[in-house]
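In my numbering, the protein residues as written are -5 to 340. Every residue, glycine too, gets a C-beta built ideally from N, C-alpha and C.
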């Protein structure tokens, strides 16, 4: 596993609509392997893995992370910020962050806010300034992006910790597939899509799916369980137990025929699966499957601990097993298989 690549992806700063740091990593990989690259109007990256007369399959992960945006600057030098995406309340107080200016300068600061019951609002960042002028002199302006300032770290027992695992783990898997299959002959035309603005309403998944118009889609994303050390039967997001296969969430119920096929491929490859359902939230799958006249779509990916906060924890074996499962699926997207999976007469 390429931990240096994962580190670069996770330490890149990319809130919705400002994903250029992650986008550049993907573009560098595609250029190195001489792949065709397109964009949708939101900045999603569409990489054509191969040419084929077979069905068209889209594999999608989103580039953006939850974070904040500078809204205003007080006379005393406090930097008022708004959440971009659903940042956990517990992660909104006394957290190291960094502001990326329009000139791509990185300025560290401390995020804080006012707590009222279970809510934390009125968020601001303190960079040590004593006045409005000092903040302006530092190059900070309204609209600048703010992200958690968390280093990528390797933990014991093949586990890793860092920010933005949602969904840089998915972006990592896109690049892993690109590297593995860039010169292979495959039965389907594969498009690797890194979407924009998922955390603010599943936006890039919708526009990218319109651009690609696939016959079938796989969305890569992560999720965590509310109680990280609950290993009970209800927790299907445990690290170290294999990829999650998401049967349903608030935006998508995966076609049973499609999930059954993924399960069969995983069983043949001896890859364990955690069959999960999201009671809250959704993924790009919710937007992708409604594109055009409808696209059969399934969501899978590695589980994490702690989400939408300063750092998450994941198991490298889950990431590798997700890659192995995707590789096994790649060779199975034959015309007959995709025709069967998209045929509702049987």
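Does the Cβ of residue i have 16 or more other Cβ atoms within 10 Å, making it buried, or fewer, making it exposed?
i, result
"residue 183", "buried"
"residue 136", "exposed"
"residue 225", "exposed"
"residue 214", "buried"
"residue 107", "buried"
"residue 303", "buried"
"residue 146", "buried"
"residue 149", "exposed"
"residue 58", "buried"
"residue 138", "buried"
"residue 124", "exposed"
"residue 233", "buried"
"residue 339", "exposed"
"residue 68", "exposed"
"residue 18", "exposed"
"residue 4", "buried"
"residue 44", "buried"
"residue 231", "buried"
"residue 287", "exposed"
"residue 197", "buried"
"residue 86", "buried"
Leaving out five residues before and five after residue i in sequence, what residues of the same chain have Cβ atoms less than 6 Å from its Cβ?
i, result
"residue 374", "Residue 374 is absent from the structure shown; the chain starts at -5 and stops at 340."
"residue -4", "none"
"residue 204", "285"
"residue 210", "51, 290, 332"
"residue 48", "181, 182, 329"
For residue i, list the residues DSSP reports as bridge partners.
i, result
"residue 219", "In DSSP, residue 219 forms no bridge with anything."
"residue 212", "53, 292"
"residue 100", "94"
"residue 327", "In DSSP, residue 327 forms no bridge with anything."
"residue 115", "108"
"residue 142", "91"
"residue 62", "77, 140"
"residue 156", "306"
"residue 120", "104"
"residue 148", "154"
"residue 39", "33, 188"
"residue 130", "The partner list for residue 130 (beta bridge, DSSP) is empty, contrary to what the question assumes."
"residue 247", "242"
According to DSSP, is residue i part of a helix, a strand, or is it coil?
i, result
"residue 292", "strand"
"residue 338", "coil"
"residue 168", "helix"
"residue 268", "strand"
"residue 281", "helix"
"residue 316", "helix"
"residue 297", "strand"
"residue 34", "coil"
"residue 45", "coil"
"residue 9", "coil"
"residue 188", "strand"
"residue -1", "helix"
"residue 242", "strand"
"residue 27", "coil"
"residue 67", "strand"
"residue 257", "helix"
"residue 19", "helix"
"residue 179", "coil"
"residue 201", "helix"
"residue 232", "coil"
Could you work out which residue in the options is closest to residue i when comparing CA atoms only?
i, options, result
"residue 11", "173, 32, 0, 37", "37"
"residue 105", "143, 80, 132, 68", "143"
"residue 261", "319, 187, 163", "319"
"residue 89", "98, 96, 62", "62"
"residue 300", "218, 256, 272, 329", "218"
"residue 296", "269, 340, 288, 289", "269"
"residue 65", "34, 9, 59, 75", "75"
"residue 93", "46, 264, 44, 102", "102"
"residue 193", "248, 56, 100", "56"
"residue 157", "228, 247, 9, 327", "9"
"residue 256", "-1, -2, 34, 212", "212"
"residue 121", "-1, 73, 168", "73"
"residue 316", "198, 165, 2, 24", "165"
"residue 246", "281, 27, 265", "281"
"residue 173", "248, 25, 118", "25"
Taking 7 Å as the limit between beta carbons, can you name the residues of its chain near residue i, skipping five residues before and five after?
i, result
"residue 112", "83"
"residue 275", "243, 244"
"residue 251", "335"
"residue 253", "239, 241, 292"
"residue 13", "37, 57, 58, 190"
What does a CB cutoff of less than 8 Å around residue i pick up in its chain, not counting 5 residues either side in sequence?
i, result
"residue 21", "31, 39"
At least one CB of chain C closer than 9 Å to the CB of residue i: is that the case?
i, result
"residue 321", "You won't find chain C in this structure, because it holds only one protein chain."
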